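Here is the structure we will look at, set down as structure tokens.
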Amino acid sequence: MNMPLNISIGSFLQYLSAPFYFVWILIMLRKHKNYVKDNYSYDEKINLNWMNKLLIGGISIWLIECLNVIALNFTDIDFPYTYNTSWYIKFAFMIFVLFIGYYGINQGGIFSKTKEEEEEKEKLPEKDVVENEIHSTTIIEKNRLISEEAAGQYKEELVKYIEEEQVYLNSELRIQDFSIHLKIPVHILSYIINTEHQQNFYDFINLYRIEEVKKRLHDKEYDNLTIIAIAIDCGFNSKATFNRLFKLYTGMTPSHYKKNSK
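Here the sequence shown stands for residues 1 to 262, where the numbers follow our numbering.
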């Protein structure tokens with residue numbers, strides 16, 4: 001089948017390169033998600049979920065355009081509207097760009113730091129942290145960031161601070177806040193939470209919040225409050241996040257748990 005190609009070499013290469021950009025964006029979004037989980041106790045307004053939706057839209061536009069190119073250049077099947085689909089593609093792409101602009105403007109800053117935080121971080125001592133013990137004799141010891149003794153000490157300080165100060169009630173709590181108060185570097189705190197508690201910061205703090213909600217649901221003092229009101233008081237920012245995490249950690253919905261607790 002000899003058919004004249006209706007596409008330039010440059011355009012053809014653009015179609016071929018698109019999947020690599022899609023994969024790169026997916027990797028970046030995954031890294032961003034992991035960063036949020038390791039550094040923030042919340043993900044509302046910083047999770048970039050809207051970019052996942054736009055990515056699906058972009059892939060859809062690319063697939064339709066690829067099918068259009070294949071139909072025009074490599075088949076002799078008479079597809080209705082084949083020669084007119086480019087206008088639909090251009091229109092869809094225009095909407096796609098408008099959505100990027102809309103979400104981008106409303107996103108605002110995610111990881112902006114104040115001048116005070118930067119100055120505090122520069123002054124932050126490392127409390128005699130012994131890092132990268134290269135003289136260890138086993139693989140496990142070589143992978144340790146700090147000694148077992150130091151890890152136990154930091155874990156005790158961390159738990160004591162959380163439970164005594166109930167800092168998890170702060171809905172915008174970050175691991176940086178712990179670092180500044182405890183004078184322990186962020187990477188060490190993250191290491192302690194990951195290795196000693198087998199959790200990331202997000203799950204670590206929200207588990208405390210869930211336990212506080214459960215405790216208040218058993219307390220008659222809070223009977224005049226709705227479950228969501230209690231959840232907000234305990235540090236959650238949204239009903240959807242609370243319901244999802246509560247069921248994840250307890251295996252039942254908040255209302256079902258409250259019924260069974262009476």
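Note that CB positions come from ideal geometry on N, CA and C, so glycine has one too. Remember, it's a predicted structure, so these values are computed and weren't measured experimentally.
Three-way DSSP call (helix, strand, coil) for residue i in this model
i, result
"R144", "coil"
"Y40", "strand"
"K258", "helix"
"M252", "coil"
Alpha-carbon spacing of residue i relative to residue j, whole angstroms
i, j, result
"E211", "L169", "11 angstroms"
"I230", "F91", "47 angstroms"
"R216", "Y222", "6 angstroms"
"T253", "E157", "33 angstroms"
"N206", "S41", "7 angstroms"
"D233", "K220", "16 angstroms"
"D203", "N39", "11 angstroms"
"Y35", "E163", "25 angstroms"
"S306", "G57", "Here the chain covers residues 1 to 262 and nothing more, so residue 306 does not appear."
"K247", "E148", "34 angstroms"
"I175", "S190", "8 angstroms"
"Y249", "Y102", "35 angstroms"
"L225", "G251", "23 angstroms"
"F242", "Q198", "21 angstroms"
"E65", "G104", "25 angstroms"
"F93", "V69", "16 angstroms"
"P125", "W24", "For P125, the predicted structure reports a pLDDT of 48, less than 50, and the residue's modelled location is therefore unreliable. A value from the coordinates is still provided. Straight-line Cα distance between these residues: approximately 37 angstroms."
"V167", "H218", "21 angstroms"
"N2", "L26", "Reliability fails at N2, whose pLDDT of 44 lies under 50, so the model's placement of it is uncertain and the value that follows must be treated cautiously. Rounded to the nearest angstrom, the two C-alpha atoms are 38 angstroms apart."
"S179", "L13", "48 angstroms"
"A268", "D43", "No answer is possible for residue 268: it lies beyond the span of the chain, which begins at 1 and ends at 262."
"R144", "D177", "24 angstroms"
"K37", "L98", "29 angstroms"
"V159", "I100", "42 angstroms"
"K53", "I146", "41 angstroms"
Buried or exposed by the 16-neighbour rule on C-beta atoms within 10 Å, applied to residue i
i, result
"K45", "exposed"
"G244", "Here residue 244 turns out to be Arg, not Gly, going by the sequence shown. That one is exposed."
"N260", "exposed"
"R209", "buried"
"I227", "buried"
"Y257", "buried"
"K214", "buried"
"F74", "exposed"
"E141", "Because E141 carries a pLDDT of 43, less than 50, the predicted location of this residue cannot be relied on, and the following value inherits that uncertainty. It counts as exposed."
"E165", "exposed"
"I9", "exposed"
"S255", "exposed"
"L173", "buried"
"L63", "exposed"
Beta-carbon separation (whole angstroms), residue i vs residue j, contact threshold 8 angstroms
i, j, result
"I61", "F22", "With 8 angstroms as the limit, I61 and F22 do not qualify as a contact, their Cβ atoms being about 11 angstroms apart."
"F96", "S171", "At roughly 33 angstroms, the Cβ-Cβ gap does not stay under 8 angstroms, so F96 and S171 are not in contact."
"N200", "I193", "7 angstroms"
"E196", "A150", "Not a contact, Cβ separation roughly 11 angstroms."
"L29", "M51", "6 angstroms"
"E161", "I188", "In the sequence on display, residue 161 carries Tyr and not Glu. Between I188 and Y161 the Cβ distance is about 14 angstroms, and since that is not below 8 angstroms, they are no contact."
"L55", "H32", "About 13 angstroms; that fails the 8 angstroms criterion."
Inset, instruction - Tell me, please, whether the region 176-193 touches the region 13-27 by the rule of three or more beta-carbon pairs shorter than 8 angstroms. - result: no
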